[in-house]
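If you read the protein sequences in the order shown, they are chains A and B. Residues 1 to 359 (this note's numbering) make up the first sequence, in order. Residues 360 to 718 (this note's numbering) make up the second sequence, in order. Every residue gets a Cβ at the ideal spot worked out from N, C-alpha and C, and that includes glycine. See below for the structure under consideration.
Protein chains: 2
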Amino acid sequence: MRSRPTLEDIATAVGVSRTSVSNAYNHPEQLSPGLRRKIFTAAAELGYSGPDPKARSLRTQKAGAIGVVLTEHLSYAFEDAASVDFLAGMAEASYGTELALTLIPVGPETPGVDQSARVQRAVVDGFVVYSVAEGDPHLAAALNSGTPLVVCGQPGTTTGAPFVGIDDRTAIKPAAEALIAAGHTDIGILSIRLRSDTPFTGFVNSADLDRAQLHIQRDRIRGALDVFHQAGIHNLPIVASHINDAKSAHNAAAMLLDNHPELTAVLCTTDSMAFGVISVAKERGLSIPEDLSLTGFDGIARALNYGLTTVIQPNKRKGAAAGKLLQQLLDNPLSKIPARTILPTYFAPGTSITSPRIS
Amino acid sequence: MRSRPTLEDIATAVGVSRTSVSNAYNHPEQLSPGLRRKIFTAAAELGYSGPDPKARSLRTQKAGAIGVVLTEHLSYAFEDAASVDFLAGMAEASYGTELALTLIPVGPETPGVDQSARVQRAVVDGFVVYSVAEGDPHLAAALNSGTPLVVCGQPGTTTGAPFVGIDDRTAIKPAAEALIAAGHTDIGILSIRLRSDTPFTGFVNSADLDRAQLHIQRDRIRGALDVFHQAGIHNLPIVASHINDAKSAHNAAAMLLDNHPELTAVLCTTDSMAFGVISVAKERGLSIPEDLSLTGFDGIARALNYGLTTVIQPNKRKGAAAGKLLQQLLDNPLSKIPARTILPTYFAPGTSITSPRIS
DNA sequence: TTGTACGCGTTATCAA
DNA sequence: TTGATAACGCGTACAA
Numbered sequence: 001m002r003s004r005p006t007l008e009d010i011a012t013a014v015g016v017s018r019t020s021v022s023n024a025y026n027h028p029e030q031l032s033p034g035l036r037r038k039i040f041t042a043a044a045e046l047g048y049s050g051p052d053p054k055a056r057s058l059r060t061q062k063a064g065a066i067g068v069v070l071t072e073h074l075s076y077a078f079e080d081a082a083s084v085d086f087l088a089g090m091a092e093a094s095y096g097t098e099l100a101l102t103l104i105p106v107g108p109e110t111p112g113v114d115q116s117a118r119v120q121r122a123v124v125d126g127f128v129v130y131s132v133a134e135g136d137p138h139l140a141a142a143l144n145s146g147t148p149l150v151v152c153g154q155p156g157t158t159t160g161a162p163f164v165g166i167d168d169r170t171a172i173k174p175a176a177e178a179l180i181a182a183g184h185t186d187i188g189i190l191s192i193r194l195r196s197d198t199p200f201t202g203f204v205n206s207a208d209l210d211r212a213q214l215h216i217q218r219d220r221i222r223g224a225l226d227v228f229h230q231a232g233i234h235n236l237p238i239v240a241s242h243i244n245d246a247k248s249a250h251n252a253a254a255m256l257l258d259n260h261p262e263l264t265a266v267l268c269t270t271d272s273m274a275f276g277v278i279s280v281a282k283e284r285g286l287s288i289p290e291d292l293s294l295t296g297f298d299g300i301a302r303a304l305n306y307g308l309t310t311v312i313q314p315n316k317r318k319g320a321a322a323g324k325l326l327q328q329l330l331d332n333p334l335s336k337i338p339a340r341t342i343l344p345t346y347f348a349p350g351t352s353i354t355s356p357r358i359s
Numbered sequence: 360m361r362s363r364p365t366l367e368d369i370a371t372a373v374g375v376s377r378t379s380v381s382n383a384y385n386h387p388e389q390l391s392p393g394l395r396r397k398i399f400t401a402a403a404e405l406g407y408s409g410p411d412p413k414a415r416s417l418r419t420q421k422a423g424a425i426g427v428v429l430t431e432h433l434s435y436a437f438e439d440a441a442s443v444d445f446l447a448g449m450a451e452a453s454y455g456t457e458l459a460l461t462l463i464p465v466g467p468e469t470p471g472v473d474q475s476a477r478v479q480r481a482v483v484d485g486f487v488v489y490s491v492a493e494g495d496p497h498l499a500a501a502l503n504s505g506t507p508l509v510v511c512g513q514p515g516t517t518t519g520a521p522f523v524g525i526d527d528r529t530a531i532k533p534a535a536e537a538l539i540a541a542g543h544t545d546i547g548i549l550s551i552r553l554r555s556d557t558p559f560t561g562f563v564n565s566a567d568l569d570r571a572q573l574h575i576q577r578d579r580i581r582g583a584l585d586v587f588h589q590a591g592i593h594n595l596p597i598v599a600s601h602i603n604d605a606k607s608a609h610n611a612a613a614m615l616l617d618n619h620p621e622l623t624a625v626l627c628t629t630d631s632m633a634f635g636v637i638s639v640a641k642e643r644g645l646s647i648p649e650d651l652s653l654t655g656f657d658g659i660a661r662a663l664n665y666g667l668t669t670v671i672q673p674n675k676r677k678g679a680a681a682g683k684l685l686q687q688l689l690d691n692p693l694s695k696i697p698a699r700t701i702l703p704t705y706f707a708p709g710t711s712i713t714s715p716r717i718s
């Protein structure tokens, strides 16, 4: 079996130089139409499909793609509405450019296996790293790759790379304030895990917050605590759930309510956790908000549909902003782009808060 | 500003050959640990981030990625549940491999602009082409690229490439049969466009079917007609809508019902079209199924939730199957893989059919 | 309009 | 365990 023909093969077949064949594909104006036709004819005959992209990208030092690094499994990214919206935004930002989107699969962290290999080997012109833990090896590899990089969501600091996201600490405050305004004082907090390295579901304290690797969860909790402390409420029970799925959310909610039957309200750092509370409440015959007020965060369709009091964040716009910034960086690596791009969030009052029952 | 150092720079700095530096990264076992350490130290000092992926991929003739070509805008792909599921399946199939997923943005078809450039320039080891029209230029470019290729969904024939999909013509029959079984004889059909090149929304006939570029829609209509003809029902009105969004579905449904007030049932080739009928019915005070029986196709969450009589297709499994097949092809280009992989579909009876009113 | 010469940064092979 | 050499396939000054 013959191997694929190259530019050179076509050149010799037609009896011209490689340059002319190259120009036939890349600079038609520098060529007589007749010769160009002859070259394409010969190419078709020899089964030549045009210049090899791999060779071209070495020569031009351009890959024609930007890498997207997502936490967790890539297939999870397609099941999570927020990351799908984010990708839609990235895709939107890629129109009008010649850039493809290379999704870099991130397997489960197997100790001993170098997880960053895929990032290092990715043929891309730059990276967008989406919502990873501080110290994540893929982030480190991307930072070290020598290509432009934009971090989205988290980690919020310590990377030195341009950041796109929301102000989680401030964004959650309207939800906390709404609970205070309704008169609640016995409030619990439910969040997703703060660390990625050790599986742990249970109560966390402020020292755990200081050690958090996942800045988004940390900042949301801190923002809520800011409000509660200011209202004179201290020592709120906080449960963090390692896994983010319906069953785990249910279990974490049960753990919180079992240990703190006095609670009249629960603030959740994600809508998904709030649905865990809803599921437990249903199980126990508690009605929301009459028996338990509840808030979420994210603004997923299901939450808005339910009427959950929550905070809507602009996932698609995050993707678009990250994409645009990276492109600007690619166009001009020295261009000054903002170190932090903070997008606005929107409080959705919903109907899941009322005053606590007088007991 | 100095340019990025290369393998060679490290080699001269350490005083060894390029080969040894390369081996330090790729074949640690062929190197004394001491030298390896020295090399990495020098690399860190010089700001060398490891072998350049672009050069590596030229040398090894591997890109480390598979290209996914999706119809329509890439951002639309993230808004459509079916293609998101498909991508999730592709992602799932990529675990355990070193392959990234390169999504190739396909802009609007601007006449005169060579749409296939992005496909031709993509640095990938193979392509999965998802649900494009027969004759699509991107498909042609991918076919011509000389790399392995799997076609998913459509076109169902004429490409010569391995195909993964469902048997649309057979799959829709249970929906049509359910209408027949309920006693309907005045049935309309609503589908999405049959051609991609000319915008057209309106009634179509069997000649239009023969000319269809979009095989999925054509086959579903034909499958339904098979059933209806066999039941002695002929000359059913068929409306095809060029655009697939809520408003267009509404308009197409209105067009069908306005011109055929005698209809007691509508068979739709997608769930999204069925919701167009639902929206028109609501507007006119028709209840479903009492005044109008209705069927869909796809099994999107909203349809199942509504209780629509529909056919569920395995989108995620399609992605996984396509990914696996392509990988097999990449591992061994000569391996015999099935020309057609047909996945099973599932009829969801729902509650949107009842017997026609006796008039 | 066409050709020459060089470089892009790496890896495989084989010899030392 | 280390090194020299030869591809890999192409783009682009520059010269003709």
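Beta-ladder partner(s) of residue i, from DSSP
i, result
"T669(B)", "A707(B)"
"D298(A)", "I312(A)"
"I128(A)", "According to the sequence displayed, residue 128(A) carries Val and not Ile. Answer is V68(A), V150(A), bridged to V128(A)."
"R340(A)", "F163(A)"
"G561(B)", "A599(B)"
"L460(B)", "L103(A), I425(B)"
"L549(B)", "V598(B), C627(B)"
"S293(A)", "A265(A)"
Proximal chain A residues relative to residue i, where beta-carbon distance stays under 7 Å
i, result
"Q672(B)", "By Cβ distance, chain A contributes nothing, its closest Cβ being about 17 Å from Q672(B), past 7 Å."
"S737(B)", "This structure does not reach residue 737(B), given that chain B is present from 360 up to 718, and the question cannot be answered."
"G409(B)", "Q120"
"S416(B)", "K54, V123"
Beta-carbon separation (whole angstroms), residue i vs residue j, contact threshold 8 Å
i, j, result
"T654(B)", "C627(B)", "6 Å"
"L326(A)", "I66(A)", "6 Å"
"V102(A)", "V68(A)", "Per the sequence shown, residue 102(A) should be read as Thr rather than Val. At roughly 7 Å, the Cβ-Cβ gap stays under 8 Å, so T102(A) and V68(A) are in contact."
"T274(A)", "A303(A)", "For clarity, residue 274(A) is Ala in the given sequence; the question names Thr instead. Between A303(A) and A274(A) the Cβ distance is about 7 Å, and since that is below 8 Å, they are a contact."
"V380(B)", "L366(B)", "5 Å"
"V128(A)", "A63(A)", "Contact doesn't hold; Cβ gap of about 14 Å is too wide."
"G658(B)", "I637(B)", "No, G658(B) and I637(B) are not in contact; Cβ-Cβ is about 16 Å, not under 8 Å."
"I342(A)", "D167(A)", "5 Å"
"P105(A)", "S416(B)", "P105(A) to S416(B), Cβ: 17 Å. No contact."
Chain B residues whose Cβ lies nearer than 8 Å to that of residue i
i, result
"E98(A)", "A476, R477, R480"
"T102(A)", "A424, A459, L460, T461, L462"
"S94(A)", "L433, P464"
Contact list for residue i against chain B, beta-carbon separation under 7 Å
i, result
"Y346(A)", "Going along chain B, no residue has its Cβ under 7 Å from Y346(A), so there is no contact; the nearest lies around 20 Å."
Amino acids of chain A, ordered along the chain, whose beta-carbon sits closer than 8 Å to that of residue i
i, result
"R363(B)", "G146"
Amino acids of chain A, ordered along the chain, whose beta-carbon sits closer than 9 Å to that of residue i
i, result
"A450(B)", "H73, L74, S75, Y76, A77, F78, L103, P105"
Check whether the stretch 643-651 of chain B touches the stretch 554-571 of chain B, counting contact only when three or more Cβ pairs, one atom from each stretch, lie closer than 8 Å. no
Three or more C-beta pairs under 8 Å: does that hold for the stretch 533-541 of chain B against the stretch 507-517 of chain B? no
Please name the residues in the stretch 203-234 of chain A whose beta-carbon is closer than 8 Å to at least one beta-carbon of chain B, in chain order. none
Cβ contact (3+ pairs, closer than 8 Å) linking the stretch 598-607 of chain B and the stretch 691-702 of chain B: no
When the Cβ atoms of the stretch 585-596 of chain B are set against those of the stretch 545-562 of chain B, are three or more pairs found closer than 8 Å? yes
Does the stretch 77-87 of chain A come close enough to the stretch 42-60 of chain A that 3 or more CB-CB pairs lie under 8 Å? no
Counting only Cβ-Cβ distances shorter than 8 Å, please list the residues of the stretch 130-147 of chain A near chain B, keeping chain order. N144, S145, G146
Give the residues from the stretch 66-88 of chain A that approach chain B closer than 8 Å (Cβ to any Cβ), ordered along the chain. G67, H73, L74, S75, A77, F78, E79, V84, D85, L87, A88
Count the CB pairs spanning the stretch 610-620 of chain B and the stretch 549-565 of chain B that are closer than 8 Å, and state whether there are at least three. yes
When you check each C-beta in the stretch 288-306 of chain A against every C-beta of chain B, which residues fall closer than 8 Å? none
Does the stretch 83-98 of chain A touch the stretch 137-151 of chain A, meaning 3 or more C-beta pairs lie closer than 8 Å? no
Anything in the stretch 157-188 of chain A with a Cβ closer than 8 Å to a Cβ of chain B? List those residues in chain order, please. none
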